[in-house]
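Working notes, structure below.
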Amino acid sequence: MSFAADVNATAGLAGKLKAGLGALRAVDRTHISVQTPGSLLGSADVDTAQKTTYPHAARWDYVVGQQTGEYEHLHWIEVHPAEGTRNITEVEAKLAWLAAWLRHTALAAYRKQVVWVASGRSAFNGRHPRIKGLAAKGLSFAGGHLTI
312 MSFAADVNAT AGLAGKLKAG LGALRAVDRT HISVQTPGSL LGSADVDTAQ KTTYPHAARW
372 DYVVGQQTGE YEHLHWIEVH PAEGTRNITE VEAKLAWLAA WLRHTALAAY RKQVVWVASG
432 RSAFNGRHPR IKGLAAKGLS FAGGHLTI
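Those letters in the sequence shown? Residues 312 to 459, per the numbering used here, in order.
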């Protein structure tokens with residue numbers, strides 16, 4: 312099992328792996344910090360890569376691979392507005408798409424963190440009932456910044 316090999320073996324992602332956080336749009340990269348940059352295995356822009364295959368789907372943004380001890384760990388990152396409950400509904404749809412899409416990839420076998428990072432001002436926090444509902448589905452809400 313190798314993150315790079317499995318990204319390249321995934322339909323639509325072949326050749327899309329970038330070094331570090333290189334696959335993230337510059338505006339989104341400002342919301343992510345890396346404690347140990349040398350631990351990153353690379354990143355892929357899932358949203359852009361899958362746009363042709365799933366043009367009308369609520370696609371997930373990014374996957375970032377990181378070596379953590381003996382394991383390769385994946386961070387599934389969605390940088391999305393968090394200004395109101397409409398945004399929660401949008402992220403719920405993206406999470407459902409990610410879960411369905413992952414079932415057909417080798418990337419599903421990795422340890423993972425699925426996280427929503429607010430792209431701007433956040434109208435809620437982790438105590439909001441619907442955010443708790445997302446947490447029950449495996450999603451964590453990072454607020455405006457994520458450190459990996």
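Every residue, glycine too, gets a C-beta built ideally from N, C-alpha and C. Every value quoted in this text rests on a predicted model; they were computed, and no experiment measured them.
{"query": "Own chain partners of Pro348 with C-beta closer than 7 Å, once the 5 adjacent residues on each side are dropped", "result": "Gly331"}
{"query": "Leu351 (DSSP reduced to helix, strand or coil)", "result": "strand"}
{"query": "Cβ neighbour criterion (16 or more within 10 Å) applied to Asn398", "result": "buried"}
{"query": "DSSP beta-bridge partners of Thr379", "result": "Tyr382"}
{"query": "Residue span of the beta strand (DSSP E) that contains Gly431, given as start and end", "result": "Arg422 to Ser433"}
{"query": "Distance, Glu394 Cα to Lys405 Cα", "result": "17 Å"}
{"query": "Distance between Pro440 and Ala334 (C-alpha atoms, nearest Å)", "result": "32 Å"}
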